[in-house]
Structures are given as C-alpha cells and as structure tokens.
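J.:
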C-alpha cells in the first residue's frame with residue numbers, strides 16, 4: 006500500500022484560524038524637504054469658521070446719548086433753515102429781477118368752412134323773407150288759424166317742419182335737416198336757412214328743435 010503523507014501541523018486543532026497582528030507599525034520614510042513643505046503651508050480655514058470669526062469681530066456700537074441726538078438734530082435743521090431763508094429772499098426780490106417765463110397762447114380753433122349756400126342765405130334780408138311767406142299764404146284757400154301771435158320767422162320754421170318732401174323732422178335739428186336735403190338734391194328754400202342764421206345770431210332758445218318734436222316729447226312725458 007502507498008504510504009500517506011502527514012502534514013506538519015497535525016498536532017493543531019482543526020477549525021481554528023490564525024489571526025494577524027498589527028502591533029508592529031511599518032512607516033514609510035519621507036525626505037526632509039517634503040516635511041519642511043508640509044510644515045510651512047498654513048492650514049485652510051473652513052467657511053463656517055470664517056463666518057464665526059467675522060461675526061465675533063463685529064463691533065458693538067454703543068447707543069447714542071442725548072447729547073449726540075441733539076447735535077444730530079441741529080445739523081439736520083441747518084439746511085432746512087438755509088432753504089427757508091433762500092425762499093424768503095426770492096419772495097422779497099422785485100418782480101423785475103425774477104425771470105418771467107414766456108406765456109404760450111392757445112392756438113385758435115379752426116373755423117368751420119362756410120358753404121356757398123350759407124353765404125347766399127346770409128345775404129337774404131328780412132324783406133325777402135316776408136315776401137316768401139306772403140307767397141306761401143296766397144297759395145292757401147283759407148287763412149291759417151292759431152298763428153296770429155307768432156312772428157314771421159316762427160311761421161316759416163313751422164312750415165318747414167311740416168314739409169315732408171324734405172324728410173322727417175323728428176330727432177334731427179332744423180339746420181341738419183336742411184343740409185341733408187341739400188346734399189340729397191331736394192333744393193330746400195334758402196329763406197329757411199336765412200331765418201335759422203338770423204335767429205341763432207339773436208340767441209333764440211330752441212330754434213333748432215322742430216315744433217312737432219317738442220309736442221311729441223311733451224306727450225310722452227305726460228303719459229309716463
């Protein structure tokens with residue numbers, strides 16, 4: 006039979022492992038020049054340490070005393086007094102010394118363009134207006150009633166209101182109605198425009214409003 010080989014550690018107990026020992030520290034040799042560099046470099050300071058040191062270095066300002074407050078008030082009041090003195094000097098100076106700013110005059114409003122019809126109506130006299138009204142009266146079979154207390158101008162304007170061939174008269178002024186009829190080629194009478202111009206020059210109240218329009222508005226107000 007072949008002979009078996011026995012291990013040299015047969016006497017040791019099985020299942021046990023040998024431990025490593027770190028008691029003997031091995032250090033690496035460092036040259037002398039490297040040691041000098043390490044010792045000469047200053048250690049970096051952390052940001053937290055800088056913040057703590059800066060907060061500790063802040064000086065605590067002492068509270069101002071009553072004397073300091075009084076001195077500060079005097080210093081603040083000096084420029085105010087100087088400003089008041091300068092304003093008083095300006096007020097007491099004569100007006101000739103003060104610089105007067107040039108006054109800008111407002112621009113005049115542009116005048117409305119006058120049409121050829123308005124120019125011709127301005128040349129119509131009161132006599133021509135009376136002749137125009139007498140001509141209208143001769144066309145009637147019976148004389149008009151309830152108009153004895155009215156002027157010739159008011160009679161002409163009321164006749165103009167009821168002349169339906171020139172368009173409706175409600176909700177529009179007499180002057181606008183006349184100009185609208187002229188633009189439409191309806192040949193409105195110049196005597197009506199002449200009466201309107203003369204009454205506006207006199208300052209007659211409600212000369213632009215048709216008489217029928219006044220009656221309709223008064224009826225509507227009374228019904229409410």
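Numbering (this note's numbering), first residue to last: 6 to 229. We put the CB at the ideal spot given by N, CA and C, even for glycine. Only a predicted model underlies this, so the values are computations on that prediction, with no experimental measurement involved.
(1) Should the segment 185–194 be regarded as contacting the segment 144–151, the criterion being three or more beta carbon pairs within less than 8 Å?
(2) Spell out a yes or no on whether the segment 215–222 and the segment 197–204 are touching, meaning 3 or more CB-CB pairs, one atom from each, closer than 8 Å.
(3) Secondary structure at residue 131, three-state DSSP: helix, strand or coil?
(4) Return the chain-ordered ranges of every alpha helix (DSSP H) run that is complete within the segment 127–210 and spans a minimum of 4 residues.
(5) May I have the straight-line CA-CA distance separating residue 171 from residue 212, to the nearest angstrom?
(6) Does residue 135 pass the burial test, meaning 16 or more other C-beta atoms within 10 Å, or should it be called exposed?
(7) Can you list, in chain order, the residues of its chain whose CB lies under 7 Å from that of residue 164, leaving out five sequence neighbours each side?
(8) Considering only their Cβ atoms, is the gap separating residue 183 from residue 161 smaller than 9 Å?
(9) In the structure shown, what three-state DSSP assignment does residue 223 receive?
(10) Closest to residue 205 by C-alpha separation, out of 180, 223 and 195, would be which residue?
(11) Answer with buried or exposed for residue 155, where buried requires no fewer than 16 other C-beta atoms within 10 angstroms of its C-beta.
(12) Reducing DSSP to helix, strand and coil, say where residue 215 ends up.
(13) Specify the secondary structure class of residue 123 as computed by DSSP and reduced to three states.
(14) I need the straight-line Cα distance from residue 221 to residue 126, nearest angstrom please.
(15) Are the CB atoms of residue 187 and residue 133 nearer to each other than 9 Å?
T.: With the given structure in hand:
(1) no
(2) no
(3) By 1-based counting over the chain shown, the position of residue 131 is 126. Helix.
(4) 131–143, 157–166, 179–188 and 195–207
(5) Reading the chain shown from its first residue, position 166 is the one you call residue 171. Reading the chain shown from its first residue, position 207 is the one you call residue 212. Taking the straight line from one Cα to the other gives about 18 Å.
(6) The residue you call residue 135 lines up with position 130 of the chain shown. The C-beta of residue 135 has fewer than 16 other C-beta atoms within 10 Å across all chains shown, which makes the residue exposed.
(7) The residue labelled residue 164 in the question sits at position 159 within the chain shown. Hits under 7 Å: 141.
(8) Taking the first residue of the chain shown as 1, we reach residue 161 at position 156. Taking the first residue of the chain shown as 1, we reach residue 183 at position 178. 9 Å or more divides the Cβ of residue 161 from the Cβ of residue 183.
(9) Position 218 of the chain shown, counting from 1, holds the residue named residue 223. It is helical.
(10) Position 200 of the chain shown, counted from the first residue, corresponds to residue 205. Ranking the options by Cα distance to residue 205, first place goes to 180.
(11) Position 150 of the chain shown holds residue 155. Exposed: under 16 other Cβ atoms inside 10 Å.
(12) As a first step, residue 215 must be located in the chain shown, where it is residue number 210. Note: residue 215 maps to coil in three-state DSSP.
(13) To locate residue 123, count along the chain shown from 1; it is residue 118. Three-state result, residue 123: helix.
(14) Your numbering for residue 221 matches position 216 in the chain shown. Your numbering for residue 126 matches position 121 in the chain shown. When rounded, the separation of the alpha-carbon atoms in residue 221 and residue 126 is 30 Å.
(15) As a position in the chain shown, residue 187 is number 182, starting the count at 1. As a position in the chain shown, residue 133 is number 128, starting the count at 1. Result no, Cβ atoms of residue 187 and residue 133 do not sit closer than 9 Å.
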